[in-house]
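Peer 1: Per full-length UniProt numbering, the very first residue in the sequence shown carries number 1; after that it's consecutive. All residues carry an ideal CB built from backbone N, CA and C; glycine is no exception.
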Amino acid sequence: EAFEDLEDVEALPDAHFGLLGSSGSPVQPQGCVDDLPEEVLWQVLCLVPAQDLYRNVSLACHRWKNIVHDPEFVPYKKKYYRYMMGEKDTVVEIGNTLRTSGISSQPEHSIRKLVVLLAKHQTRARVRPEEILIHVRKHRLFPQTEASIRLRFRDVEDCFNPGSEQGPNPFAAMAVILILSESVADVQALVSLLGGCMSEVAITEFLSHVAMLLFAMMKTNIQISNRLHYNIYYVLHLMENGPFSVQSSSTAFSVCFCRQPQMHLTHEEQQILSHNIQQDHVVKIVAFAGTGKTSTLLRFAEQRPDLSFLYVAFNKSMAKEAERRFPRNVLCKTVHSLAFNDIGKKYCARKKLTSNLNPFALSSVLPEGRGGLSKSKVIAMTLSTFMASKDESISLGHVPSYRMDKNGVRKLIDVNEKQLFASDAQRIWKNMKNLNVRGKEGYYMTHDGYLKLWQLQSPKPRLSDKYDVILIDEAQDCTPAVIDVLLSQHCGKILVGDPHQQIYTFRGAVNALNTVEHTHIYYLTQSFRFGAEIAYVGATILHVGKNVRKILVGESVQTAVGVSQGKTAILSRSNLTVFSEAASLTTANPSCRIHFVGLKGINLNKIMDIWRLKQLKTEKKTPEGQRNNGISDRMIRLFARKNDDPFSALKRYIKKTDDKELDAKVCIVEKYGCRIPELVKCLERCSVCDYRTADFILGTVHKAKGLEFDNVVITDDFIKDPASHPSLHTCREPFMSRIPPDEWNLLYVAVTRARTTLIITNSVRRILNLAGEHFLISKTPSMNAGPPVPCMVPSCPNCISPGSAFVIKKDQKNKSNMEKKQGGPLCEKCVWKCVGPIAFL
1 EAFEDLEDVE
11 ALPDAHFGLL
21 GSSGSPVQPQ
31 GCVDDLPEEV
41 LWQVLCLVPA
51 QDLYRNVSLA
61 CHRWKNIVHD
71 PEFVPYKKKY
81 YRYMMGEKDT
91 VVEIGNTLRT
101 SGISSQPEHS
111 IRKLVVLLAK
121 HQTRARVRPE
131 EILIHVRKHR
141 LFPQTEASIR
151 LRFRDVEDCF
161 NPGSEQGPNP
171 FAAMAVILIL
181 SESVADVQAL
191 VSLLGGCMSE
201 VAITEFLSHV
211 AMLLFAMMKT
221 NIQISNRLHY
231 NIYYVLHLME
241 NGPFSVQSSS
251 TAFSVCFCRQ
261 PQMHLTHEEQ
271 QILSHNIQQD
281 HVVKIVAFAG
291 TGKTSTLLRF
301 AEQRPDLSFL
311 YVAFNKSMAK
321 EAERRFPRNV
331 LCKTVHSLAF
341 NDIGKKYCAR
351 KKLTSNLNPF
361 ALSSVLPEGR
371 GGLSKSKVIA
381 MTLSTFMASK
391 DESISLGHVP
401 SYRMDKNGVR
411 KLIDVNEKQL
421 FASDAQRIWK
431 NMKNLNVRGK
441 EGYYMTHDGY
451 LKLWQLQSPK
461 PRLSDKYDVI
471 LIDEAQDCTP
481 AVIDVLLSQH
491 CGKILVGDPH
501 QQIYTFRGAV
511 NALNTVEHTH
521 IYYLTQSFRF
531 GAEIAYVGAT
541 ILHVGKNVRK
551 ILVGESVQTA
561 VGVSQGKTAI
571 LSRSNLTVFS
581 EAASLTTANP
591 SCRIHFVGLK
601 GINLNKIMDI
611 WRLKQLKTEK
621 KTPEGQRNNG
631 ISDRMIRLFA
641 RKNDDPFSAL
651 KRYIKKTDDK
661 ELDAKVCIVE
671 KYGCRIPELV
681 KCLERCSVCD
691 YRTADFILGT
701 VHKAKGLEFD
711 NVVITDDFIK
721 DPASHPSLHT
731 CREPFMSRIP
741 PDEWNLLYVA
751 VTRARTTLII
761 TNSVRRILNL
771 AGEHFLISKT
781 PSMNAGPPVP
791 CMVPSCPNCI
801 SPGSAFVIKK
811 DQKNKSNMEK
821 KQGGPLCEKC
831 VWKCVGPIAF
841 L
């Protein structure tokens, strides 16, 4: 009986709520968007991201353009976007606002002035201050906020509800909460609370206002943490970009209200998938770590079954994985496999292929008086540079500017010597190409060599005869030779990559995303691999090291920078550190299981061969069999046979050829000495091939690129940090200028391998300090009277100020060596040193 009345309620017309016409079979929608009343159209366009308002909506028609440019239409969202893009008039306007309000003219009082300015925030929407305050009171940071406003802003009338003791001005309270927010979760909590009393547009407007002013303060060198702006930017990005639920069709993606299989796409992904690719299009997709680069290409191809695609992968494992995932209208290949089918198989059939340019082999084919390892290394570098380039012939420009002399000292190569090196390289390249010259290994063709021959074909390879679109993944690691072939094709091209994951410049790779001219460009900035905390570390590395404007964000999931549980990956800069970490783990627990990333891991066999070489006696009369002493590596065996002091000869070879990989293994042998046989045996016993059965996963970042792990520990052999300093601006420039971009990229790649937990080093912690992040949290002070509480800084004689609105404490975070970082309260003076004017609160 309780449900009888419900029978009189009219059911919804259909699963689409009647928006697509009458119930039954779908019909074409009636009318058009131009028939909407002005007020309704405003409300629809308010929800469009600012970038699209200017780039698309304002170009649709005069009516839409007039709405977009109306000063009353989402003014703060538009102004924030224009300021981020560096529009001159907006930059001047915001600069004047900071000066007239006293924010930039009195930096020490900037936070006080900022809160006073935001208390006067104007909103077009109708809001009730007392209702907003009711909702804001439920935020966890409101007790600190209210105490701070009553103690610090009592003389400012605008920071209180006019003529009332009900509480602070709601906009002032919201501003203080945003400034005190320790994470993205705090901002999301505020947005959730405000959803009960403010429209989404009104919330977005206030957040945009605060974010714009905070970003402007950072740009004017006011000492505040970059986390303040990052937290708000992150939440605004998720509010505007989704992901949103969509359903797939053969021709398009549309909003789905029915109970059919759905995919969740961000606004950025939807823009890419809606692109109508043409023959003359060169499309760039600049994507950050974990943003679904390959998945976006997969969906793009699935959406267009009538087109034929060629997916060009960076390496064979990527191509195999893509072949498993991509639809049938996509052929997945590496560029080397394409070149091998046309050129390389001829050299393979004649058994004239080698893996790399060996200085030993090259030295044997150099003219008399021009040989030696030092000079053959220069020839190898010259040939490698030429093969990576798009040039047709070897010239002086391919010869390096410096070389190591016979004593291992760096020496400038003059023009006359460069001409000799270029001439030698030209002769060797000519013999490498000749299929009939087979006797000497110095004339064997390399994989990059037949790729170069493929690029130099006239006419160039015609891939566009078979494919409508070429998809180029990891474009930041392509060489000019590869780009020259692919961009010469008469079909659509889509280049996808992350310029901040370019870590192979030593192989001749160039960032095609910067060098290639494009017809269209898109961005993927939202990662699906990790949440806010890990995203913040990655974004800050790019901000501090490379001054990146586009900001990396993550998902609305909880991730942490701290204690890890379960399987852990330990990522290092060098093989020496990988070995050291493995030795420490097996020493602590001889039964632990370790998986080394990469096909050969750290190559324990070669380490053992170098140790055996070091043990060889130096007497000349030792029989040759004993001098080999079980050494299996062919090159190391050469040193055992020909030298009186084999180990020293190997070290001299490394100096002359600058062989960093071999140098790392020699350093391992020298560091661990007589323990090497025992450690190698232990590591072989503990090593497992399947990472799923391992307790720990170890490897260098170069080998871990493209992979992801639940928990990641970063070792301390990356960028060497400056002394910790509270101010980014006093030490940033000298420090930054000494660090090559590749080193920042390596660190960025390392931290963005983590899915759930990231454990950072002191170096990474201090890089965060440079951006003003000191892991401080606010707590309400204890009401119990007691002795003064000392400051946690050991050298500080001060105590916590009595009567403070709240207490600032150092958060307890974990370092990569698992040592507990001691937390505790900070005195007012130390808080000012760390966070600058925010300490006013």
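Which partner residues of Y443 appear in the DSSP bridge assignment?
Peer 2: By 1-based counting over the sequence shown, the position of residue 443 is 443. BP columns for Y443 are empty, so no partner.
Peer 1: Sort R55, I224 and M174 by Cα distance to E130 and report the nearest one.
Peer 2: Looking up residue 130 in the sequence shown gives position 130. For E130, the nearest C-alpha among the options comes from M174.
Peer 1: Ignoring anything shorter than 4 residues, give me the alpha helix (DSSP H) runs that lie fully in the stretch 447-480, in order along the chain.
Peer 2: You should have 447-456.
Peer 1: At the level of alpha carbons, what is the spacing between W832 and A839?
Peer 2: The count along the sequence shown starts at 1 and reaches residue 832 at position 832. The count along the sequence shown starts at 1 and reaches residue 839 at position 839. Cα to Cα, the separation comes out at about 5 Å.
Peer 1: To which residues of the same chain is V48 closer than 7 Å at the C-beta, ignoring the five residues directly before and after it?
Peer 2: Position 48 of the sequence shown, counted from the start, is the residue given in the question as residue 48. Closer than 7 Å at the Cβ level, and outside the excluded window around V48, lie V57.
Peer 1: Classify V44 as buried or exposed, calling it buried when 16 or more other Cβ atoms lie within 10 Å of its own Cβ.
Peer 2: The residue given as residue 44 occupies position 44 in the sequence shown. Exposed: under 16 other Cβ atoms inside 10 Å.
Peer 1: For I472, tell me which candidate among V835, K375, L298 and L362 has the shortest Cα-Cα distance.
Peer 2: Locating residue 472 in the sequence shown gives position 472, counting from the first residue. Among V835, K375, L298 and L362, the Cα nearest to that of I472 is on L298.
Peer 1: Quick check on DSSP: helix, strand or coil for A287?
Peer 2: One-based indexing of the sequence shown puts residue 287 at position 287. Residue state, collapsed to three classes: strand.
Peer 1: Write down the C-beta distance between R112 and R152 rounded to the nearest angstrom, noting that I regard them as a contact closer than 8 Å.
Peer 2: The sequence position of residue 112 within the sequence shown is 112, counting from 1. The sequence position of residue 152 within the sequence shown is 152, counting from 1. Contact holds; Cβ gap of about 7 Å.
Peer 1: Would you call S181 buried or exposed, if buried means 16 or more other Cβ atoms sit within 10 Å of its Cβ?
Peer 2: Here residue 181 refers to the residue found at position 181 when the sequence shown is read from its first residue. So S181 counts as buried.
Peer 1: Shortest alpha-carbon distance to I94 belongs to which of E773, F300, S295 and K219?
Peer 2: For the purposes of this step, residue 94 is identified with residue 94 of the sequence shown, where counting begins at 1. Minimum Cα distance to I94 is reached at K219.
Peer 1: Taking the alpha helix (DSSP H) that F775 belongs to, which residues open and close that run?
Peer 2: Locating residue 775 in the sequence shown gives position 775, where the first residue counts as 1. Where F775 is concerned, there is no enclosing alpha helix (DSSP H), given that its DSSP letter is neither H nor E.
Peer 1: Assuming T540 contacts I767 under a Cβ cut-off of 8 Å, what Cβ separation, rounded to an integer in Å, is found between them?
Peer 2: Taking the first residue of the sequence shown as position 1, residue 540 is located at position 540. Taking the first residue of the sequence shown as position 1, residue 767 is located at position 767. Confirmed, about 7 Å.
Peer 1: Quick one: any contact between the stretch 420-429 and the stretch 474-490, if contact means 3 or more CB pairs under 8 Å?
Peer 2: Contact between the stretch 420-429 and the stretch 474-490 is absent, because fewer than three Cβ pairs lie under 8 Å.
Peer 1: In the structure shown, what three-state DSSP assignment does C61 receive?
Peer 2: Within the sequence shown, the letter at position 61 stands for residue 61. In the structure shown, C61 sits in coil (DSSP, three-state: anything other than H, G, I, E or B).
Peer 1: Kindly list the residues whose CB is nearer than 7 Å to the CB of C830, restricted to its own chain and excluding five residues on each side of it in sequence; keep chain order.
Peer 2: As a position in the sequence shown, residue 830 is number 830, starting the count at 1. So the list reads C791, V793 and C796, once near-sequence residues are dropped.
Peer 1: Could you give the C-beta distance for L638 and F309, rounded to a whole number, given that I count them as a contact under 8 Å?
Peer 2: Taking the sequence shown and counting its residues from 1, one reaches residue 638 at position 638. Taking the sequence shown and counting its residues from 1, one reaches residue 309 at position 309. The Cβ separation is near 47 Å, so there is no contact.
Peer 1: Could you spell out where the alpha helix (DSSP H) holding N231 opens and where it closes?
Peer 2: What you label residue 231 is simply residue 231 of the sequence shown in a count that begins at 1. Here the alpha helix (DSSP H) through N231 covers N226 to N241.
Peer 1: Please list, in chain order, all residues of the same chain as A569 whose beta carbon is under 6 Å from its beta carbon, the five residues on each side excluded.
Peer 2: Along the sequence shown, read from residue 1 onward, the residue named residue 569 stands at position 569. Contacts found: I697, F709 and V712.
Peer 1: Measuring CA to CA, which of P461, A289, C159 and G242 is closest to L746?
Peer 2: Working through the sequence shown from its first residue, we reach residue 746 at position 746. Checked all of P461, A289, C159 and G242; the closest Cα to L746 is A289.
Peer 1: Spatial neighbours of G442 within its chain, please: CB distance less than 6 Å, with the 5 preceding and 5 following residues excluded, ordered by chain position.
Peer 2: Stepping through the sequence shown from its first residue, residue 442 is reached at position 442. Cβ neighbours of G442 beyond the five flanking positions: A361, L362, S364 and V365.
Peer 1: Just to confirm before moving on: does the CB-CB distance between S584 and V578 stay below 8 Å?
Peer 2: Locating residue 584 in the sequence shown gives position 584, counting from the first residue. Locating residue 578 in the sequence shown gives position 578, counting from the first residue. Against a cut-off of 8 Å, the Cβ pair of V578 and S584 comes out as no contact.
Peer 1: Please look up how many angstroms separate the CB atoms of D448 and S384, rounded, as I've assumed it's under 8 Å.
Peer 2: Here residue 448 corresponds to residue number 448 of the sequence shown, with the count starting at 1. Here residue 384 corresponds to residue number 384 of the sequence shown, with the count starting at 1. Indeed, because the Cβ distance is near 7 Å, the residues count as touching under 8 Å.
Peer 1: Measuring only the C-alpha atoms, how far is A664 from I413?
Peer 2: What you label residue 664 is simply residue 664 of the sequence shown in a count that begins at 1. What you label residue 413 is simply residue 413 of the sequence shown in a count that begins at 1. One C-alpha to the other measures close to 27 Å.
Peer 1: Within 10 angstroms of its Cβ, does A723 collect 16 or more other Cβ (buried), or is it exposed?
Peer 2: In the sequence shown, counting from the first residue as 1, residue 723 sits at position 723. Confidence at A723 is low in this model, with a pLDDT of 49, below 50, so its placement is unreliable and the value that follows should be read with caution. With fewer than 16 other Cβ atoms within 10 Å, it is exposed.
Peer 1: Classify N575: buried if its beta carbon has 16 or more other beta carbons within 10 angstroms, exposed otherwise.
Peer 2: As a working mapping, residue 575 is identified with position 575 in the sequence shown. Buried: at least 16 other Cβ atoms inside 10 Å.
Peer 1: Using a Cβ-Cβ cutoff of less than 7 Å, which residues in the same chain neighbour K460 once the five nearest sequence positions on both sides are dropped?
Peer 2: Counting from 1 along the sequence shown, the entry for residue 460 is found at position 460. V485 and S488.
Peer 1: With distances taken between CB atoms, is the gap from Q51 to T291 smaller than 8 Å?
Peer 2: Position 51 of the sequence shown, counted from the start, is the residue given in the question as residue 51. Position 291 of the sequence shown, counted from the start, is the residue given in the question as residue 291. Going by C-beta atoms, Q51 is not nearer than 8 Å to T291.
Peer 1: Restricting to Cα atoms, I'd like to know which of Q455, C32 and A475 is closest to I285.
Peer 2: For the purposes of this step, residue 285 is taken as the residue at position 285 of the sequence shown. Checked all of Q455, C32 and A475; the closest Cα to I285 is A475.
Peer 1: Give, in chain order, every unbroken run of the beta strand (DSSP E) that is at least 3 residues long and sits entirely within the stretch 302-384.
Peer 2: Correct list: 309-313 and 330-334.
Peer 1: In the structure shown, what three-state DSSP assignment does S148 receive?
Peer 2: Walking along the sequence shown from the start, residue 148 turns up at place 148. It is helical.
Peer 1: Since P170 contacts I132 with CB under 8 Å, what's their CB separation in whole angstroms?
Peer 2: One-based indexing of the sequence shown puts residue 170 at position 170. One-based indexing of the sequence shown puts residue 132 at position 132. P170 to I132, Cβ: 4 Å. Contact.
Peer 1: Considering only residues of the same chain and omitting the five flanking positions on each side of R140, which have a CB-CB separation below 8 Å?
Peer 2: Counting from 1 along the sequence shown, the entry for residue 140 is found at position 140. Correct list, in chain order: D186 and A189.
Peer 1: Reducing DSSP to helix, strand and coil, say where C834 ends up.
Peer 2: Translated into positions along the sequence shown, residue 834 becomes position 834. Helix, per DSSP.
Peer 1: Going by C-alpha distance, which of A119, D70, P677 and E268 is nearest E38?
Peer 2: Start at 1 with the first residue of the sequence shown, and residue 38 comes out as number 38. Minimum Cα distance to E38 is reached at D70.
Peer 1: Please confirm whether residue 846 and Y234 have their CB atoms less than 8 Å apart.
Peer 2: Coverage of the chain is limited to positions 1 through 841, which leaves residue 846 absent and any answer about it impossible.
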